[in-house]
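Using the numbering used here, you'd call the opening residue of the sequence shown number 2 and step up by one each time.
We treat Cβ as the ideally placed atom computed from N, Cα and C, and that holds for glycine.
Only a predicted model underlies this, so the values are computations on that prediction, with no experimental measurement involved.
Take a look at the structure set out below.
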Amino acid sequence: MWSLNVENVLALWILLAMSLYVGKKKKSQKNVRWLSVYGTSYIWVNINILV
Numbered sequence: 002m003w004s005l006n007v008e009n010v011l012a013l014w015i016l017l018a019m020s021l022y023v024g025k026k027k028k029s030q031k032n033v034r035w036l037s038v039y040g041t042s043y044i045w046v047n048i049n050i051l052v
């Protein structure tokens, strides 16, 4: 379970990094901010499930 959750978090951070890169190119700050908030909340949910 732990390794699976770590892989999920790593994959999510890769998606966040890609979205940040695309957001910088398109200069869409609102989408980047929403995605970062969603990503951090998703990681908090994973941590709470583990604990």
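- Burial is judged here by how many other beta carbons sit within 10 angstroms of a residue's own beta carbon; Leu16 has fewer than 16 and is exposed.
- Considering only Val46, Val10, Leu21, Lys26, the residue with the shortest C-alpha distance to Trp35 is Leu21.
- Across the structure, Val38 and Leu11 are spaced so that their CA atoms are roughly 16 Å apart.
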